[in-house]
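**Q**
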Amino acid sequence: MENTLKLLERADAGDFERTAGDERRHKPRSIGAPFPARADAPRQKVTKAVLPVAGLGTRFLPATKASPKEMMPVVDKPLIQYAVEEAVAAGITDMIFVTGRSKRAIEDHFDKAYELESELERRGKAALLNDIRGMLPKNINCIYIRQSEALGLGHAVLCAQPAVGNEPFAVLLADDLLDGEPPVMKQMVDAYNRHQCAILGVQDVPRKDTGSYGIVDTTDMEGDIARIRGIVEKPLPADAPSTLAVVGRYVLPADIFHHLALVKPGAGGEIQLTDGIASLLRERQVLAYRYQGRRYDCGSKLGYVQATIEFGLRHPEVGAALREFLF
1 MENTLKLLER
11 ADAGDFERTA
21 GDERRHKPRS
31 IGAPFPARAD
41 APRQKVTKAV
51 LPVAGLGTRF
61 LPATKASPKE
71 MMPVVDKPLI
81 QYAVEEAVAA
91 GITDMIFVTG
101 RSKRAIEDHF
111 DKAYELESEL
121 ERRGKAALLN
131 DIRGMLPKNI
141 NCIYIRQSEA
151 LGLGHAVLCA
161 QPAVGNEPFA
171 VLLADDLLDG
181 EPPVMKQMVD
191 AYNRHQCAIL
201 GVQDVPRKDT
211 GSYGIVDTTD
221 MEGDIARIRG
231 IVEKPLPADA
241 PSTLAVVGRY
251 VLPADIFHHL
261 ALVKPGAGGE
271 IQLTDGIASL
281 LRERQVLAYR
291 YQGRRYDCGS
301 KLGYVQATIE
311 FGLRHPEVGA
321 ALREFLF
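Residue numbers (the working numbering): 1 to 327.
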């Protein structure tokens, strides 16, 4: 496939090849090496996105026993496609999927389906054929890295270091379906371009729900931006420093890899991204960005059903009939 890069070994082995005719293998910087910023460093653009998709999806069993939760459809597109489209709208060209066992369906989804395309063409289904061929612009590269053990979100991000290198990058969690205009990651990349530092997407949540999120302590909001003074993972409501919760969107500097490599595993032996960001805070400015848009928590059954209904109601093919059925 012309727009696919495939990881051949475990991420920490550092060997990957370009499958689009360039067979050279590259040995990148080892995981955990710091990338200190120079005072005269040029402004860097965000062109890479990390999409962790190695989770087990236990809340949706048995549906996710053999199929990734990121491939669950909201009307006629899987969750992972919504996340990729959001990244593309932000100007990102390299999609780095951190995968686990039974995740081949994601790779197949973004690969070229010659047999399917031929059959659609034979049947004269031009609209469907255009949809399939237009899923990924030709300038988009897909990179697949295997996370050999499920050791937490921080570890999944750390696995992507060989492909990210010394560049800022986005992180998108596909089970957080964010509906914004402009798309939320576009809003956040624009904020990064203005401030040139780490940006975390946040939203207000009820205090009783703080135990389900990473919660930030910030200065007063100036418009949609505030400086983060601290971050804590899933605090009890009484202990939460605020009700500003981090959702599944981040723009991070390459320095985060150094901090993640130093994080000690917590409960269950997992490395938390929140802990890496807390360490980064001691050296770098990190900003909270209150995005414009609505979040659907598609990691929960209720949020997934809500998203399916909302997106179904606005779908040109089924919206009117669904509205009549519901109301």
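The beta-carbon is built from N, C-alpha and C at its ideal position, and this holds for glycine as well.
Treat the numbers as computed from the prediction; the structure is a model and nothing was measured.
Curious, which full-length beta strand (DSSP E) runs of at least 3 residues does the stretch 165 to 226 contain?
**A** 169 to 172, 176 to 179, 198 to 204, 214 to 218
**Q** Can you tell me where the beta strand (DSSP E) holding glycine 248 begins and where it ends?
**A** For the purposes of this step, residue 248 is taken as residue 248 along the sequence shown, with counting starting at 1. Looking at the DSSP string, the run of the beta strand (DSSP E) that includes glycine 248 is 244 to 252.
**Q** Considering only the alpha carbon of each residue, which of Leu287, Lys112, Val205 lies closest to asparagine 193?
**A** Taking the sequence shown and counting its residues from 1, one reaches residue 193 at position 193. When only C-alpha atoms are compared, the closest one is Leu287.
**Q** So, for lysine 65: in the same chain, excluding its five sequence neighbours on each side, which residues have a beta-carbon less than 6 Å away from its beta-carbon?
**A** Start at 1 with the first residue of the sequence shown, and residue 65 comes out as number 65. Same-chain partners within the cutoff: there are none.
**Q** Any contact of the stretch 210 to 226 with the stretch 134 to 145, i.e. 3+ C-beta pairs under 8 Å?
**A** no
**Q** Please state if the CB of isoleucine 215 and the CB of leucine 244 are separated by a distance shorter than 9 Å.
**A** As a first step, residue 244 must be located in the sequence shown, where it is residue number 244. As a first step, residue 215 must be located in the sequence shown, where it is residue number 215. Cβ atoms of leucine 244 and isoleucine 215: closer than 9 Å.
**Q** Straight-line CA distance for arginine 123 to lysine 77?
**A** Sequence index remark: in the sequence shown, residue 123 carries index 123 (1-based). Sequence index remark: in the sequence shown, residue 77 carries index 77 (1-based). So the two alpha carbons sit approximately 22 Å from each other.
**Q** For aspartate 330, name the three-state secondary structure that DSSP assigns.
**A** Because the chain is modelled from 1 through 327, residue 330 falls outside the range shown and cannot be assessed.
**Q** Who are the near neighbours of glutamine 187 in its chain, counting only those whose CB is closer than 6 Å to its CB and skipping five residues on each side?
**A** Stepping through the sequence shown from its first residue, residue 187 is reached at position 187. The residues are Tyr291.
**Q** Please report the distance separating the alpha-carbon of glutamine 272 from that of glycine 152.
**A** Here residue 272 refers to the residue found at position 272 of the sequence shown. Here residue 152 refers to the residue found at position 152 of the sequence shown. For glutamine 272 and glycine 152, the gap between their C-alpha atoms comes out near 6 Å.
**Q** Considering lysine 301, what are the terminal residues of the alpha helix (DSSP H) in which it resides?
**A** Numbered from 1 along the sequence shown, position 301 holds the residue referred to as residue 301. Segment 301 to 313, the alpha helix (DSSP H) holding lysine 301.
**Q** Buried or exposed: where does alanine 307 fall if 16 or more other Cβ atoms within 10 Å of its Cβ makes it buried?
**A** Counted from its first residue, the sequence shown places residue 307 at position 307. Alanine 307 should be labelled buried.
**Q** Do you know offhand how far isoleucine 31's Cα is from proline 253's?
**A** On the sequence shown, position 31 is the one that residue 31 refers to. On the sequence shown, position 253 is the one that residue 253 refers to. At isoleucine 31 the pLDDT is 28, less than 50, meaning the model places this residue with poor confidence and gives no usable figure here.
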